[in-house]
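Enquirer: Before I ask anything, let me first share the structure, which is written out below as structure tokens.
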Amino acid sequence: MKVTLEHLTKRFPNRNKKIHEDVVAVNDFTFEIPDGKLVGLLGPSGCGKSTALNLICGLEKPTEGKIFFDTDDVTELPPERRGVGMVFQNYALYPHMTVRQNIIFPLQNLKGKDKITKEQMEERAMTAAKLVQIEALMERKPSEMSGGQQQRVAIARALVKLPRILLLDEPLSNLDARLRLSTREEIRRIQTSTGITTIFVTHDQEEAMSISDLIIVMKEGVIQQIGKPQDVYEDPVNLFVAKFLGTPPINVFHARVAGGGLYLGEDRIADTKAPEGPVTVGIRPEGFIPDPEGPLACKLHRVEVMGRDISVVSSHEASENAVIRSIISSAESEVVRALLADDSKPPKAAEESASDDRIVRFKIRPAKLYLFDTETGNRLEL
Amino acid sequence: MKQQAKGWLYLLPALIFLGVFMVYPLIDVLIYSLEEGYNFASQTRQGVGLGNYAYVLRDPYFISALKNTFVIVIITVPLSTSLALLISYFLSRITFLRQAFQTIYFLPYVTNTLAVGLVFMILFKKTAYTDGMVNVLLNFFGSPSIDFIEGPYAAKMFVMCFYTIWVVMPYKILILTSALASVNPVYYKAARVDGTSSLRIFTRITLPCISPMIFYLVITGFIGAFKAYSDEVALFGTDLNAAGMNTIVGYVYDMLYGEGGGYPSYAAAAALILFAIVFTITCINLLVSNNKAGIGGAA
């Protein structure tokens, strides 16, 4: 099922009665979600992503705009007639019912020609339970299950009506880190095996990046960028998107363009065609190549060895943050080791000497270097 | 050992207090109830046995008190609880004037029983000047006056139950309103996504979620109604036997201090019979509620 939003807007009256201006939770959303895709709606908390999900679900009425499922206008339809399944953040499993009763509950609401027999209900409940692999837990109460199991039951309950669209509100936020990893794989697996168009909301960029076919980055009710996770990561339209995606986060510098060169402090790190004046520069952690001849001179703080990669923590006068974090892949790590060896100190010892005056020089990968307008935050051509 | 002695020492004040004011009187009541022909003035008795119980159970006044009590319990407990549930449900659905309504519904709770009795007198009692406001209304609709206070039993019982329900309702509304507010709204959202009808949401989600509170109200309601007395006095005066509206507690009181009083043995026997009844009913209630909680609750 294709989902199309046209100029969808939701305004709430301001809670602070002195301010008459409405709060715009969702501002002029226009996009199309292709059939059978897993889409992550991503943004910091309070950016209106849950409201957007509620609008698609039908729990909230839009102030303006239209919602289409394929070619059907569902804007005015109540949730049950839209054919959506929803998984809530806290799962919202009815605490007094068993897993079986919880999953069957939506089917017992069916009316008229959709009505099905008890056997059919059992059968469909069982199919849904098998899909999420909880068929052994059918007689348990929600309180007798782990968070991950409750999550599966909630998904089964959402799927049992054979919805056209599955909506998940922060599906992983209540799980611990290990379970989060396996559950997100699970969501991907269920989505792939059912082929159902799925939209999920999250504030965790890693979560969205890892399983989505498409991510939609939101800020304060406005869509910033839509695209494949890798594309959005590689090619952010503005500073907000660049900052929001990626761990460790992008390193931001106050820079200036002068004479066709890009300067971080006194270091000319690249040639540029951008107009002269101050700009904001973002460099991804993986964009730093240690090179004794490199143009960017940073003060070395410490080196963290994290298994496969080495993370170099340093600082620079033009940096917006206190430290610059760069990730050096093993292939290039020799240079760093050599650098440290120059001081005849092993890396371990370097960690301890937190602030010495050693300088580490970097070359910058042009593909990982982004230029932004300092005023608007919009991306500029390098 | 020393530690234990210390512990008991700390408990001693409470133990003495409980012993003197709770345990001793309870045992004493039991002893009183078994002493036949006990004379309070001369402190003598004719024998020991169940004679007091036999007397009380054959006393027509006690039988009528027992009957009245049961009628009040059976009518008022279910009615007041379900009415309170209905009112608190609608209170939880409205936003306009909700606070005002909550205050109004709670007023009877903070009003003195006897003051409420006075109000009911104005509503129901026949005097030389008026038949009471309810009768004025009845007359308006062409019905003859009914003497609610000194008239037929059914009329009196109606006023009695009306009064009892009116008095016990505020507390129940208070409890149920907060119980309803404590139900996680996300359940309702989930139910809405599934297109659940409001009736089904109420019976399948709301009721099970607040059932512990309902059981609590039913159990305390039963106990309270069995102990009814002051409300009857407020409406029908102290001579409840003459009005035919006595209750078990009223009977106990009469046996102790009433016109024909001075029979602590009979009073003790009646009190223990009441205790046995309340105890049995409460046990049944708890059994039922635990069973239900097993099926439904355990949230």
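Each protein sequence line maps, in turn, to chains A and B. With the first letter of the first sequence counted as 1, position 255 gets the number 255 in my numbering; the numbers rise by one all the way through. The number in my numbering is simply the position in the second sequence, starting from 1, with 1000 added. Where a beta carbon is used, it is the ideal one built from N, C-alpha and C, also for glycine.
What residue from A:97, A:202, A:174, A:157 has the CA that sits closest to residue 121 (chain A)'s CA?
Expert: The residue with the shortest Cα to Cα distance from residue 121 (chain A) is A:157.
Enquirer: With 7 Å as the threshold, decide whether the Cβ of residue 1190 (chain B) is near any Cβ in chain A.
Expert: True, the Cβ-Cβ gap to chain A drops below 7 Å.
Enquirer: So does the region 1040–1055 of chain B actually touch the region 1259–1276 of chain B, counting three or more Cβ pairs closer than 8 Å?
Expert: Yes: at least three Cβ pairs fall under 8 Å.
Enquirer: Is the region 1154–1174 of chain B close to the region 1082–1099 of chain B, with three or more CB pairs under 8 Å?
Expert: With the cut-off at 8 Å, the region 1154–1174 of chain B and the region 1082–1099 of chain B touch.
Enquirer: Which residues in chain B have a C-beta closer than 9 Å to the C-beta of residue 80 (chain A)? List them in chain order.
Expert: Within chain B, the residues near residue 80 (chain A) are 1192, 1193, 1194, 1195, 1196.
Enquirer: Would you identify the three-state DSSP class for residue 290 (chain A), choosing helix, strand or coil?
Expert: In this structure, residue 290 (chain A) counts as strand in the three-state DSSP scheme.
Enquirer: What residue from A:310, A:309, A:290, A:322 has the CA that sits closest to residue 360 (chain A)'s CA?
Expert: Ranking A:310, A:309, A:290, A:322 by Cα distance to residue 360 (chain A) puts A:290 first.
Enquirer: For residue 1058 (chain B), count neighbouring C-beta atoms within 10 Å of its own C-beta (all shown protein chains included) and say buried if the count is 16 or more, exposed if not.
Expert: When all chains shown are included, residue 1058 (chain B) counts as exposed.
Enquirer: Are the CB atoms of residue 9 (chain A) and residue 32 (chain A) nearer to each other than 7 Å?
Expert: Result no, Cβ atoms of residue 9 (chain A) and residue 32 (chain A) do not sit closer than 7 Å.
Enquirer: If you draw a straight line from the C-alpha of residue 1092 (chain B) to the C-alpha of residue 111 (chain A), how long is it?
Expert: Approximately 28 Å, taken between the alpha carbons.
Enquirer: Could you check if residue 1020 (chain B) is buried or exposed, using at least 16 other CB atoms within 10 Å of its CB as the buried criterion?
Expert: It counts as exposed.
Enquirer: Can you tell me the Cβ-Cβ gap for residue 183 (chain A) and residue 151 (chain A), rounded? I've got them flagged as a contact below 8 Å.
Expert: Yes, residue 183 (chain A) and residue 151 (chain A) are in contact; Cβ-Cβ is about 6 Å, under 8 Å.
Enquirer: Only counting the same chain, and skipping five residues up and downstream in sequence, which positions put a Cβ closer than 7 Å to that of residue 365 (chain A)?
Expert: Closer than 7 Å at the Cβ level, and outside the excluded window around residue 365 (chain A), lie 287, 289.
Enquirer: Is it a yes or a no for the region 30–50 of chain A touching the region 210–222 of chain A, going by three-plus beta-carbon pairs under 8 Å?
Expert: Verdict: yes, contact present.
Enquirer: Our contact map puts residue 1134 (chain B) next to residue 1123 (chain B) with C-beta atoms below 8 Å; I'd like the distance itself, whole angstroms only.
Expert: Indeed, because the Cβ distance is near 5 Å, the residues count as touching under 8 Å.
Enquirer: Which residues in chain B have a C-beta closer than 9 Å to the C-beta of residue 14 (chain A)? List them in chain order.
Expert: Going along chain B, no residue has its Cβ under 9 Å from residue 14 (chain A), so there is no contact; the nearest lies around 18 Å.
Enquirer: Which residue marks the beginning of the beta strand (DSSP E) containing residue 202 (chain A), and which one marks its end?
Expert: Element bounds for residue 202 (chain A): 197–202.
Enquirer: Below 9 Å on C-beta distance, what does residue 1209 (chain B) contact in chain A?
Expert: Under the 9 Å cutoff, chain A gives 94, 95, 96.
Enquirer: Taking only runs that begin and end inside the region 1065–1128 of chain B, name each unbroken alpha helix (DSSP H) of 4 or more residues, in chain order.
Expert: Runs found: 1098–1110, 1113–1124.
Enquirer: Check the Cβ-Cβ distances between residue 1183 (chain B) and every residue of chain A, and say whether any is below 7 Å.
Expert: With 7 Å as the cut-off, residue 1183 (chain B) does not count as an interface residue toward chain A.
Enquirer: What span of residues does the beta strand (DSSP E) with residue 306 (chain A) cover, start to end?
Expert: Looking at the DSSP string, the run of the beta strand (DSSP E) that includes residue 306 (chain A) is 296–306.
Enquirer: Beta-carbon of residue 1089 (chain B) versus every beta-carbon of chain A: anything under 7 Å?
Expert: No, residue 1089 (chain B) does not count as interfacial toward chain A.
Enquirer: Looking only at DSSP bridge pairs, what is residue 155 (chain A) linked to?
Expert: Answer is none; residue 155 (chain A) lacks a bridge partner.
Enquirer: In chain B, what lies closer than 9 Å to residue 109 (chain A) by C-beta?
Expert: Correct list: 1191, 1194, 1195, 1196, 1197, 1200.
Enquirer: Against chain A, does residue 1216 (chain B) count as a neighbour if the rule is that its beta carbon must be under 7 Å from one of theirs?
Expert: Not one chain A Cβ lies under 7 Å of residue 1216 (chain B).
Enquirer: Verify the CB distance criterion: does residue 1288 (chain B) have a CB-CB separation below 7 Å to chain A?
Expert: No - not a single Cβ of chain A is within 7 Å of the one on residue 1288 (chain B).
Enquirer: Would a C-beta distance cut-off of 7 Å place residue 132 (chain A) and residue 104 (chain A) closer than the cut-off?
Expert: No.
Enquirer: Just to confirm, is the Cβ distance from residue 65 (chain A) to residue 7 (chain A) under 7 Å?
Expert: Yes, Cβ-Cβ distance for residue 65 (chain A) and residue 7 (chain A) is below 7 Å.
Enquirer: Is the CB of residue 106 (chain A) under 7 Å away from at least one CB in chain B?
Expert: Output row for residue 106 (chain A): interface = yes.
Enquirer: Pick out whichever of A:269, A:255, A:117, A:250 has its Cα sitting closest to the Cα of residue 325 (chain A).
Expert: If we check each option's Cα against that of residue 325 (chain A), A:250 comes out closest.
Enquirer: Relative to the C-alpha of residue 1220 (chain B), which candidate in B:1139, B:1175, B:1120 has its C-alpha closest?
Expert: Answer by Cα proximity: B:1175.
Enquirer: CA-CA distance, residue 109 (chain A) and residue 160 (chain A)?
Expert: One C-alpha to the other measures close to 12 Å.
Enquirer: Is it the case that the Cβ atoms of residue 68 (chain A) and residue 1 (chain A) are separated by a distance below 7 Å?
Expert: No, they are not a contact pair.
Enquirer: Excluding five sequence neighbours on each side, which residues of the same chain lie with their C-beta closer than 7 Å to the C-beta of residue 1035 (chain B)?
Expert: Excluding sequence neighbours, residue 1035 (chain B) sits near 1045, 1048, 1265.
Enquirer: Ignoring anything shorter than 4 residues or poking outside the region 218–246 of chain A, list the alpha helix (DSSP H) runs there in chain order.
Expert: If we require 4 residues or more, the alpha helix (DSSP H) runs fully inside the region 218–246 of chain A come out as 229–234, 239–244.
Enquirer: Check the Cβ of residue 57 (chain A) against every Cβ in chain B and list those closer than 7 Å, keeping chain order.
Expert: Going along chain B in sequence order, the residues near residue 57 (chain A) (Cβ under 7 Å) are 1193.
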